[in-house]
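> For the sequence shown, position 216 matches number 216 in UniProt numbering, and the numbering has no gaps at all.
The beta carbon of each residue, even a glycine, is placed where N, CA and C say it ideally should be.
Just so you know, these numbers come straight off a predicted model, no measurement behind them.
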Amino acid sequence: MEIQENLIGSAKTEESEYLNSQGKAAENAGEVPFRLFSSSRGQRQPSVDMNQVVGKMDILLVCLDTLRYDVAAKEEAQGTTPVLNRYGFWKKCQAPGNFTWPSHHAMFAGFLPADCGAKNLADREMLFFPKQISMGKKAPRGAYGFSGGTIMEGLEKEGYDTWCVGGVSFFDKRSDLGKVFPGYFRKSYWNPSFGCGVKDSTKNQVDFILKKLDGADPEQNIFMYLNVDAIHYPNYFYLEGSSYDTAASHGAALRYVDGELGRLFDRWKEKRGETFVICCSDHGTCYGEDGCQFHGINHPIVNTVPYKHFFL
Numbered sequence: 001m002e003i004q005e006n007l008i009g010s011a012k013t014e015e016s017e018y019l020n021s022q023g024k025a026a027e028n029a030g031e032v033p034f035r036l037f038s039s040s041r042g043q044r045q046p047s048v049d050m051n052q053v054v055g056k057m058d059i060l061l062v063c064l065d066t067l068r069y070d071v072a073a074k075e076e077a078q079g080t081t082p083v084l085n086r087y088g089f090w091k092k093c094q095a096p097g098n099f100t101w102p103s104h105h106a107m108f109a110g111f112l113p114a115d116c117g118a119k120n121l122a123d124r125e126m127l128f129f130p131k132q133i134s135m136g137k138k139a140p141r142g143a144y145g146f147s148g149g150t151i152m153e154g155l156e157k158e159g160y161d162t163w164c165v166g167g168v169s170f171f172d173k174r175s176d177l178g179k180v181f182p183g184y185f186r187k188s189y190w191n192p193s194f195g196c197g198v199k200d201s202t203k204n205q206v207d208f209i210l211k212k213l214d215g216a217d218p219e220q221n222i223f224m225y226l227n228v229d230a231i232h233y234p235n236y237f238y239l240e241g242s243s244y245d246t247a248a249s250h251g252a253a254l255r256y257v258d259g260e261l262g263r264l265f266d267r268w269k270e271k272r273g274e275t276f277v278i279c280c281s282d283h284g285t286c287y288g289e290d291g292c293q294f295h296g297i298n299h300p301i302v303n304t305v306p307y308k309h310f311f312l
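(1) Which of the three DSSP states is assigned to Lys74 in this structure?
(2) Val198: which of Thr246, Gly167, Asp217 and Lys92 sits nearest, CA to CA?
(3) Would you check if the distance between the CB atom of Pro113 and the CB atom of Phe129 is smaller than 8 Å?
(4) Which partner residues of Ala114 appear in the DSSP bridge assignment?
(5) For the alpha helix (DSSP H) containing Ser249, list its first residue and its last residue.
(6) Residue range of the alpha helix (DSSP H) that Asp172 falls in?
(7) So, is Lys91 buried or exposed, given that buried needs 16 or more other C-beta atoms within 10 angstroms?
(8) Quick one: which unbroken alpha helix (DSSP H) runs of 4-plus residues sit fully inside the segment 149-210? Chain order, please.
(9) Specify the secondary structure class of Pro140 as computed by DSSP and reduced to three states.
(10) Could you tell me how far apart the beta carbons of Met152 and Phe194 are, in whole angstroms, since I believe they sit closer than 8 Å?
(11) Closer than 8 Å is the cut-off here; do at least three beta carbon pairs connect the segment 53-67 with the segment 257-270?
(12) Using only alpha-carbon positions, find the residue among Lys56, Phe111 and Gln52 that is nearest to Ser281.
(13) Do Lys157 and Ser169 count as a contact pair if the criterion is CB distance below 8 Å?
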């Protein structure tokens with residue numbers, strides 16, 4: 001028995017020493033695994049320095065829920081989304097998830113859609129860098145390193161008021177599941193007039209936001225997340241004569257949303273001054289391609305999304 005206890009004690013000591021040595025090695029390396037931060041594209045200039053944004057201006061994260069890249073690019077090329085076209089071209093990106101739930105958990109942790117050409121983690125431009133998940137203590141160039149479980153928690157530590165204006169049912173606070181995402185924000189709003197089945201949902205959301213904006217503290221920065229669900233199922237009613245959802249009605253829904261975003265952006269800039277905007281989709285959706293329907297599946301149409309960021 002004594003021999004067995006000695007062996008167990010020795011094994012525990014060796015295990016503890018091994019774990020400590022590995023922990024110290026990781027700490028000394030500073031980046032775990034640091035090889036992922038060696039970009040296949042070499043050093044490149046970030047498109048924006050988030051350290052010059054955070055604390056200096058409002059930030060809007062606008063998710064055009066379910067928007068397909070191919071449809072967005074087509075509308076852009078045809079000039080039928082003049083508001084969004086005003087702020088640059090769509091970038092073709094990899095979706096963080098194949099439906100709303102996983103995609104938003106990723107985005108709220110700082111993992112926004114990544115360039116479709118990215119070969120490893122270092123190839124993606126990270127605007128927000130989570131410092132506490134063993135990817136290294138030093139944020140990549142241009143990224144804002146935040147502490148906490150979400151970018152909202154990190155920004156709150158910088159004095160931001162955080163708002164959520166929901167759309168799809170994952171933001172409907174009448175259910176337990178629908179309370180999760182709104183719970184990440186200091187202020188969260190949803191009502192049935194914002195829902196997917198309401199043709200004027202985006203107008204209703206923008207009207208609501210503009211009223212809230214009138215009462216906002218001009219001295220406090222705001223981070224606002226807006227989930228635009230008009231492009232999500234159902235969208236057939238945006239295309240005259242259509243009785244079911246198609247890629248064409250998907251595009252018609254985007255054209256409707258574009259006009260409403262124009263009201264939001266113009267008023268926000270007028271009231272609040274320079275503002276940084278991240279505008280993207282969380283995933284795409286299929287309308288029969290390769291026999292596939294909807295999303296929540298891995299298909300190139302679902303996994304490819306449009307993304308852009310810009311200043312108002």
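Walking through what the data contain:
(1) Position 74 of the sequence shown, counted from the first residue, corresponds to residue 74. The answer is helix: DSSP assigns Lys74 an H, G or I state.
(2) Residue 198 sits at position 198 when you count from the first residue of the sequence shown. Nearest option by C-alpha distance: Gly167.
(3) For the purposes of this step, residue 113 is taken as residue 113 along the sequence shown, with counting starting at 1. For the purposes of this step, residue 129 is taken as residue 129 along the sequence shown, with counting starting at 1. Not in contact: Pro113 and Phe129 (Cβ atoms no closer than 8 Å).
(4) Looking up residue 114 in the sequence shown gives position 114. According to DSSP, which records beta bridges pairwise, Ala114 is partnered with Gln94.
(5) On the sequence shown, residue 249 is found 249 positions in, with the first residue counted as 1. Ser249 -> alpha helix (DSSP H) spans Ala247 to Arg272.
(6) By 1-based counting over the sequence shown, the position of residue 172 is 172. Segment: none, Asp172 is in no alpha helix (DSSP H) and carries neither H nor E.
(7) On the sequence shown, position 91 is the one that residue 91 refers to. So Lys91 counts as buried.
(8) 151-156
(9) The residue labelled residue 140 in the question sits at position 140 within the sequence shown. Coil.
(10) Position 152 of the sequence shown, counted from the start, is the residue given in the question as residue 152. Position 194 of the sequence shown, counted from the start, is the residue given in the question as residue 194. Between Phe194 and Met152 the Cβ distance is about 19 Å, and since that is not below 8 Å, they are no contact.
(11) yes
(12) Within the sequence shown, residue 281 is the residue found at index 281, counting from 1. Per the Cα distances, Phe111.
(13) To locate residue 169, count along the sequence shown from 1; it is residue 169. To locate residue 157, count along the sequence shown from 1; it is residue 157. Contact flag unset, no.
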